[in-house]
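Residue numbers (my numbering), protein chains in the order written: chain A, 60 to 351; chain B, 270 to 560.
Each residue gets a CB set at the ideal place from its N, CA and C atoms; glycine is no exception.
This is the structure:
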């Protein structure tokens, strides 16, 4: 019922880099180079002809451009990314979504599909009916279409796989832990579906059936117990991987899931700090075995 | 206590999960999230404790001072609580945003300790009517991850358990004023009997069931709940209702009887066991804030 541990009993987790070559890690205020002739990129500043870093991260050098990529930062959008956002505001002809970026992303009315898949110009009635489709608090999966001048993302849901999300569980991790893959929508064999947004929002839900509703019909029936167990276990596995700073993608999640099932761990045991470390070590071992 | 937006479907998912006795993270309705505890962190306080309950991080420091007792209670010392919600904990606590919550927690703690069953304040008396020990308990909320009442009460209990009060000898002189002699040895201290200090259990009502240790998402789905202070000998010392919804008297009674005192008793026992275990550890195993 209650698990209380002393701080000295919690094992420290040693993060091991995936590649063996040493990376040039810097902290804010540390000197990068004294040589002149370099162009300053993001995350750097110049003082007395020397280049210093302003964020904690990895130094990246492209020809003459030096920039520092921070380890932990807000989501920086690229065109074509899949993101999951929560509606914070319904304005005229657009919705504002929170996507863990510096500014709220924008979902224009003309960028969503109308029910029934009609293709026509959006009228004043469509504008008044906006709240019936998406209101404050709703979750949407979308793709980045464009980036405005101020850095805000413009999203669109013009495909059957994007749209309003129904029942499930949302997990927030750091955006740098999500690997860029060909597809971010996965139907996992354990009985749940997962959407990994590039902005760090991971959505786990019961297996999506291939229907053409496009997210307009919300299914509020009770999810069966076995599906719910799979969703909870996946949620704890993703949180464990994020806690140990391991990359999150479908293979690593399935390795963590299988490791937790094979070790006979109960779902709530995956919240304990030593079990989190155990799962992460098993996933790492599995990857090393696969490499050989 | 942050305001979280949730969609209707997510709320329905949480409701059904509570009915099914399987919450989003796999816990049952009566399970707590893992708690990490450490005492003796702050070297210039008489007693201190740090408790982490998932995202919530609470630091408690206890300082003891001599003062005159209250005129209507000349044979008792007293406890003074102060809660500070740090602005780092959550954006809502910026500026004076955290004051209301801090005052609420403070007042509830004072009420739960007011009963005579919890702590024997006459242990804190030095000279009847003239001098007594006053324990200043300062609580700092470093990070807010839901379920603050529980975390604060467990941290306060641990800090009071670890508090060392210097022993004082009263040397009576010929004159009117008796002199108080503080012992030279810094380790010549006495400890309080903290067996019956209350632990607080928060129960939120979702649908027809109640949950222990709600996450911020679950708190958002629920409209009412109660906060119960349960002492070590299963007595309820204070009850408070939170939330804007209503509670039927029958459900209130069942929440108090079955869940409040049982869960509270289990938490108390396990906490006392862990505090005893920590005493046997060596000083070199202190972790502090580095991890």
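Item, Value
"I need the DSSP call for residue 321 of chain A, collapsed to helix, strand or coil.", "helix"
"Out of A:228, A:115, A:149 and A:164, which has the shortest C-alpha to C-alpha gap to residue 210 of chain A?", "A:164"
"Along chain A, in chain order, which residues have C-beta atoms closer than 8 Å to that of residue 487 of chain B?", "Result: empty, since nearest Cβ-Cβ is about 12 Å, beyond 8 Å."
"So, for residue 525 of chain B: in the same chain, excluding its five sequence neighbours on each side, which residues have a beta-carbon less than 8 Å away from its beta-carbon?", "495, 497, 505 and 508"
"Is residue 272 of chain A helix, strand or coil by DSSP?", "Note that residue 272 of chain A has pLDDT 48, beneath the 50 cutoff, so the model's placement of it is unreliable and no number is given."
"With distances taken Cα to Cα, identify the nearest neighbour of residue 259 of chain A among A:217, A:222, A:245 and A:308.", "A:308"
"How many angstroms separate the CA atom of residue 96 of chain A from the CA atom of residue 123 of chain A?", "7 Å"
"Taking the alpha-carbon positions, what's the residue 371 of chain B to residue 460 of chain B distance?", "28 Å"
"Is there a Cβ from chain A that is less than 8 Å from the Cβ of residue 281 of chain B?", "yes"
"If the cut-off is 7 Å on Cβ atoms, which residues from the region 283 to 312 of chain B count as contacting chain A, listed in chain order?", "285, 286, 289, 291, 293, 294, 295, 296, 299, 300, 301, 302, 303, 304, 305, 306 and 307"
"Locate the alpha helix (DSSP H) running through residue 212 of chain A, then write down its first and last residues.", "Where residue 212 of chain A is concerned, there is no enclosing alpha helix (DSSP H), although the beta strand (DSSP E) it sits in stretches over 212 to 215."
"With C-beta atoms as the reference, is residue 290 of chain A less than 8 Å away from residue 315 of chain A?", "no"
"Looking at the C-beta of residue 545 of chain B, does it have a partner C-beta in chain A at a distance below 8 Å?", "no"
"Inspect the beta-carbon positions of residue 411 of chain B and residue 357 of chain B and report whether they are closer than 8 Å.", "yes"
"Measuring alpha carbon to alpha carbon, tell me which of A:106, A:119, A:89 and A:86 ends up nearest residue 100 of chain A.", "A:119"
"Should the region 479 to 496 of chain B be regarded as contacting the region 432 to 441 of chain B, the criterion being three or more beta carbon pairs within less than 8 Å?", "no"
"For a contact meaning CB atoms closer than 9 Å, what does residue 291 of chain A contact in chain B?", "286, 291, 292, 293, 294, 295 and 296"
"Return the residues of the region 293 to 315 of chain A that lie within a Cβ-Cβ distance of less than 9 Å from chain B, sorted by chain order.", "294, 295 and 298"
"Label residue 187 of chain A either buried or exposed according to how many other C-beta atoms from any shown protein chain fall within 10 Å of its C-beta, with 16 as the threshold for buried.", "exposed"
"Can you list, in chain order, the residues of its chain with a C-beta nearer than 8 Å to that of residue 147 of chain A? Leave out the 5 residues immediately preceding and following it.", "155, 156, 157, 163 and 195"
"Counting Cβ pairs, one atom from each stretch, are 3 or more of them under 8 Å apart for the region 275 to 283 of chain B and the region 196 to 204 of chain A?", "yes"
"Just to confirm my understanding: we take residue 288 of chain B, look at its own chain, exclude 5 residues before and 5 after, and list those with CB closer than 7 Å. What are they?", "476 and 478"
"What number of angstroms, rounded off, separates the C-alpha of residue 85 of chain A from the C-alpha of residue 112 of chain A?", "7 Å"
"Would you mind stating whether residue 421 of chain B and residue 408 of chain B have Cβ atoms separated by less than 8 Å?", "yes"
"Cα-Cα, which of A:322, A:133, A:299 and A:255 is closest to residue 202 of chain A?", "A:255"
"Quick one: give me the first and last residue of the beta strand (DSSP E) that residue 446 of chain B is part of.", "Run containing residue 446 of chain B: none; DSSP gives neither H nor E here."
"Just to confirm, are residue 264 of chain A and residue 225 of chain A a CB contact at a threshold of 8 Å?", "yes"
"Do you know offhand how far residue 413 of chain B's Cα is from residue 545 of chain B's?", "28 Å"
"How far does the alpha helix (DSSP H) with residue 189 of chain A in it extend, from its first residue to its last?", "189 to 192"
"Rounding to the nearest angstrom, what Cα-Cα distance links residue 390 of chain B and residue 446 of chain B in this structure?", "24 Å"
"Is the Cβ-Cβ distance between residue 233 of chain A and residue 322 of chain A less than 8 Å?", "no"
"According to the Cβ coordinates, are residue 302 of chain B and residue 480 of chain B closer than 8 Å?", "no"
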